[in-house]
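All remarks here apply to the structure that follows.
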DNA sequence: CGTGTGACGCGAG
DNA sequence: CCTCGCGCCACAC
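In our numbering, the protein residues as written are 5 to 110.
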């Protein structure tokens with residue numbers, strides 16, 4: 005095989021797909037799991053042009069703040085989260101309670 | 001090989 | 001609480 009080395013982008017997509025419903029992950033968190041804890045911005049770039057079938061709505065900024073580039077803005081993001089059962093307080097979500105990590109228990 | 005770029009992160013005032 | 005600004009790094013051209 006030419007390369008079994010998945011690109012950072014591929015890793016991110018794979019991770020986002022692993023986020024269960026009702027849980028949240030931050031960009032920096034995903035970036036770290038993908039191999040670069042400082043490439044949080046890269047994760048955002050992928051989100052905008054990544055596979056729209058992925059639950060990007062479960063991906064939020066550090067602290068649980070909604071994504072500003074989401075279709076419809078943070079308002080659209082907030083409604084998308086409610087569809088997953090996540091209630092966004094103002095423009096923020098209880099990330100302290102819904103923050104999820106792979107490998108760890110759900 | 002060089003440059004630009006952004007759905008971010010965080011320190012400082 | 002808020003605003004401002006720089007760093008940061010994978011990826012496209």
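Positions of the beta carbon are idealized from the N, C-alpha and C atoms, including for glycine. Since this is a predicted model, take the numbers as computed values, not measurements.
Residues bridged to residue i [DSSP beta-bridge criterion]
i	result
residue 28	103
residue 96	69, 93
C-alpha distance - residue i paired with residue j, whole-angstrom precision
i	j	result
residue 11	residue 79	31 Å
residue 44	residue 67	14 Å
residue 52	residue 22	18 Å
residue 85	residue 9	33 Å
residue 32	residue 41	6 Å
DSSP three-state assignment for residue i, whether helix, strand or coil
i	result
residue 66	coil
residue 80	helix
residue 21	helix
residue 15	helix
Cβ neighbour criterion (16 or more within 10 Å) applied to residue i
i	result
residue 60	buried
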